[in-house]
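Input: a single structure, listed below in structure tokens.
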Amino acid sequence: MRVFIRLMLFTAALVAMAARPSAAAVRVVATTEDLASLAREVGGDKVTVVGLAKGYQDPHFVDPKPSFILEVSRADLLIVVGRELEIGWLTPLITSSRNAKIQPGGNGYLDASANVRILEIPTGQLTRAMGDVHPQGNPHYWLDPANGRRIAQTIKDKLGQLSPADRAYFDQRYAEFDKKLAAAESRWDATMGPFKGTKIVTYHRSWPNFMERFGLDVIGYVEPKPGIPPTTSHTIDLIAEMKKQGVKLIVVEPYFDSKTPLAIGKQVGGEVLVLAPSVGGSKEATDYIALFDYDVNAVVAALKRTMGK
Ligand SMILES: [Zn+2]
Numbered sequence: 098m099r100v101f102i103r104l105m106l107f108t109a110a111l112v113a114m115a116a117r118p119s120a121a122a123v124r125v126v127a128t129t130e131d132l133a134s135l136a137r138e139v140g141g142d143k144v145t146v147v148g149l150a151k152g153y154q155d156p157h158f159v160d161p162k163p164s165f166i167l168e169v170s171r172a173d174l175l176i177v178v179g180r181e182l183e184i185g186w187l188t189p190l191i192t193s194s195r196n197a198k199i200q201p202g203g204n205g206y207l208d209a210s211a212n213v214r215i216l217e218i219p220t221g222q223l224t225r226a227m228g229d230v231h232p233q234g235n236p237h238y239w240l241d242p243a244n245g246r247r248i249a250q251t252i253k254d255k256l257g258q259l260s261p262a263d264r265a266y267f268d269q270r271y272a273e274f275d276k277k278l279a280a281a282e283s284r285w286d287a288t289m290g291p292f293k294g295t296k297i298v299t300y301h302r303s304w305p306n307f308m309e310r311f312g313l314d315v316i317g318y319v320e321p322k323p324g325i326p327p328t329t330s331h332t333i334d335l336i337a338e339m340k341k342q343g344v345k346l347i348v349v350e351p352y353f354d355s356k357t358p359l360a361i362g363k364q365v366g367g368e369v370l371v372l373a374p375s376v377g378g379s380k381e382a383t384d385y386i387a388l389f390d391y392d393v394n395a396v397v398a399a400l401k402r403t404m405g406k
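Under my numbering, the first residue of the sequence shown carries the number 98, and numbering increases by one thereafter.
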């Protein structure tokens, strides 16, 4: 009898373990919250997802916390933005994780930029004098929803490869996300439509994909060169150019000092707008679609305000 009860308990424990989805879930680590959000969209309850860099942090310079090494060491899949965005912090993390699966070239390493549209691919020789120009093009490509769709598809295909039994599930999740994103895109197009061709200035070159997608024209940057802090002479030139072209809006990432942008805004009688460059970059930007909802509405509200000035 005792043996029988023990056996019953053992069986019950086994059943409980099998029912727990995380037991068989693919452990995904993504370098940013944007990739983490897209992995959750397609992975559903067949994955557990951790994002490393927070959306309000500069993704070029992330402090590699010890907890990151632990997460990467246990990952089945590491998803990276690539195009050298994480060049300053990711390699030591991957090396110290001693996880063979997620080393570059490994089956558990996924560069999310493989099938996206990349802007600003430099032609000709790169020199230090050009600033922090990425030789493989602008790495802030996730800020175009068409690229978000391509990233989701790339992740879906990889998950299906790592967990073939769940392939139909991932396909289904992807199809649902695709539909949701298409509906959101028509909403964003309707909101942004009347502002097509409006000229703005941004701090860093974080927004070419976003601005191109929604038809805004970036005429200058607060940084004199990518990754180089503002200088007095460049700021004076920028103010003159903004006055000449009647530009009133300066878009700034949450992790840059707003002192220079505010001074410029005052000079041109315009406004500084902090936009979310990533999921988690503002408290409203809770997932990939909410990120665009927030940014689109914030840009339009600011354009309406500054156009009245
Ligand atoms: Zn950048």
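Note that CB positions come from ideal geometry on N, CA and C, so glycine has one too.
Just so you know, these numbers come straight off a predicted model, no measurement behind them.
- Taking a contact to require three or more Cβ pairs closer than 8 angstroms, the region 133-141 and the region 153-173 do not qualify as touching.
- Each residue's CA atom was taken as its position, placing S375 and D254 some 23 angstroms apart.
- Judged by DSSP secondary structure, A360 falls within the alpha helix (DSSP H) whose first and last residues are 356-365.
- By the criterion of at least three beta-carbon pairs nearer than 8 angstroms, the region 340-356 is not in contact with the region 248-263.
- Between ligand 1 and the CB of S303, the shortest heavy atom gap is smaller than 7 angstroms.
- Looking at the backbone, the Cα of D390 and that of K380 are separated by about 12 angstroms.
- In the three-state DSSP reduction, D173 falls in the coil class, being neither helix nor strand.
- Ligand 1 never approaches H331 closely enough for any of its heavy atoms to be under 7 angstroms from the residue's Cβ.
- DSSP links T145 through a beta bridge to R124.
- In summary, S303 is buried, with 16 or more beta-carbon neighbours lying within 10 Å of its beta-carbon over all protein chains present.
- The continuous beta strand (DSSP E) containing T299 extends over residues 296-299.
- Secondary structure of D155 (DSSP, three-state): coil.
- In the displayed model, D254 falls within a helix according to three-state DSSP.
- Rounded to whole angstroms, the gap between the alpha carbons of D268 and I325 is 43 angstroms.
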